[in-house]
Amino acid sequence: MRKLTTDPNHPGERRLAGFGWLPNRIRNLFIAMLGEFVGTFLFLFFAFSATQVANAAAAGGGTTVPKAPNTSVLLYISLAFGFSLAVNVWVFFRISGGLFNPAVTLGLCLIGAVGWLKGAVIFLAQILGAISAAGIVSALFPGPLAVRTTLSPGTSIARGVFIEMFLTAQLVFTIFMLAAEKHKGTFLAPVGIGLSLFIAELSGVYFTGGSLNPARSFGPDVVLGTFNRYHWIYWAGPFLGSLIAVIFYRIVKILEYETANPGQDFDDKDAAASLHSQEMARAEEARHPGAATGYSE
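Start counting the sequence shown at 1030; every next residue gets the next number (my numbering).
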């Protein structure tokens, strides 16, 4: 007979203790890896499938490469990536953190929000999730897989690196401030993160394919067995962008950014309660000097 345990958060719910023998650290790493694999797969499956639809529709209009960007296609792809990220981050935020991106993982490791061992484990899960998503889309949808990231005509390799770098820096810094920094609006972080990717895709899809994510570029190339000579920019650009976000985040943290624009996490009721608490503390200090610090004469 299998042993049943009670979930402490839901006393009436019974769960199988099939993994009770595992040390918590190993179990948590397994959960994080599983969550990142499934989350990355779902995020990129819906983003890739929408991209496949958009590119197939654009190709149906003719075989010549357009001199001007097709803004309808770019908007469709950008919306697909932004919304897919927002939904899946919201779903997996409490399971694995909802990172789905090796560049984001690197940034969170560098600021200490994620341990290096956990970072290595979920990095592998993200890569495998991206490959799986590209493979399933390739198998399900007719026609060749058309979701690779490539440079547009006229976009040099150097420009591609810098475009990917700056767009990724914006995305990673958004994640730092909305998710890594805890505040009253943290539960809405997935919306801001999805919108951040959406605006970045609007800027980058035409010129570089709008990767911002090494796994997103690596997966389709593995499935197709095709790697451009500049494939490395989809690793270097996002990782450099992540480093820029880390540096700026460290600067604003060292400068104690919270004091520059205080009260952002208070509504009127909270602000009044905080003011009342401060007044009570000052009154107590006036009556009993040193009480607030634990010292008295």
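Think of the CB as a built atom: it goes at the ideal place given N, C-alpha and C, for glycine as much as any other residue. If you're wondering where the values come from, they're calculated on a predicted model, not measured in any experiment.
task: Provide the residue span of the alpha helix (DSSP H) that contains I1140, from first to last.
output: Segment: none, I1140 is in no alpha helix (DSSP H) and carries neither H nor E.
task: Give the range of the alpha helix (DSSP H) segment to which N1117 is assigned.
output: T1100 to F1121
field: Buried or exposed by the 16-neighbour rule on C-beta atoms within 10 Å, applied to N1130
entry: buried
- request: List the endpoints of the continuous alpha helix (DSSP H) containing W1339.
  value: Because the chain is modelled from 1030 through 1326, residue 1339 falls outside the range shown and cannot be assessed.
task: Compute every distance between the C-beta of L1146 and the non-hydrogen atoms of the ligand GTP, then say whether any falls below 7 Å.
output: Here there are no bound small molecules, and the ligand GTP is not part of this structure.
query: Taking Cβ to Cβ, would you say S1271 is nearer than 8 Å to V1166?
result: no
field: Candidates Y1286, T1178 and F1121, of which the one nearest T1237 by Cα
entry: T1178
- prompt: Which residue from G1221, L1284 and D1250 puts its Cα closest to that of F1112?
  reply: G1221
- request: Let me know the secondary structure DSSP gives Q998 once reduced to three states.
  value: Residue 998 lies beyond the range of the chain shown here (1030 to 1326); nothing can be said about it.
field: Residue of E1285, L1135 and V1116 minimising C-alpha distance to A1330
entry: Outside the modelled stretch of the chain, which goes from 1030 to 1326, sits residue 1330, for which no answer is possible.
Same chain, Cβ closer than 6 Å to S1125, five either side skipped, listed in chain order: A1061, G1064 and E1065
task: Determine the direct distance from the alpha carbon of L1207 to that of R1279, and round the result to whole angstroms.
output: 15 Å
- prompt: What does a CB cutoff of less than 6 Å around A1244 pick up in its chain, not counting 5 residues either side in sequence?
  reply: P1131, Q1155, I1156 and A1159
- request: Identify which residue in T1215, G1189 and N1257 has its Cα closest to the Cα of G1233.
  value: G1189
- prompt: Which residue's Cα is closest to the Cα of L1146: L1058, A1175 and S1101?
  reply: L1058
- prompt: Can you name, in chain order, every residue of its own chain whose Cβ lies under 6 Å from the Cβ of F1070, other than the five neighbours on each side?
  reply: G1158, S1161 and A1162
- request: Kindly list the residues whose CB is nearer than 6 Å to the CB of V1118, restricted to its own chain and excluding five residues on each side of it in sequence; keep chain order.
  value: G1127, P1219 and I1222
field: Rounded C-alpha distance that separates G1091 from I1186
entry: Below a pLDDT of 50, predicted positions are generally treated as unreliable, and G1091, at 43, falls in that range; no measurement from the model is reported.
- prompt: So S1078 and F1170 are in contact, right, with Cβ under 8 Å, and what is the actual spacing, rounded?
  reply: 7 Å
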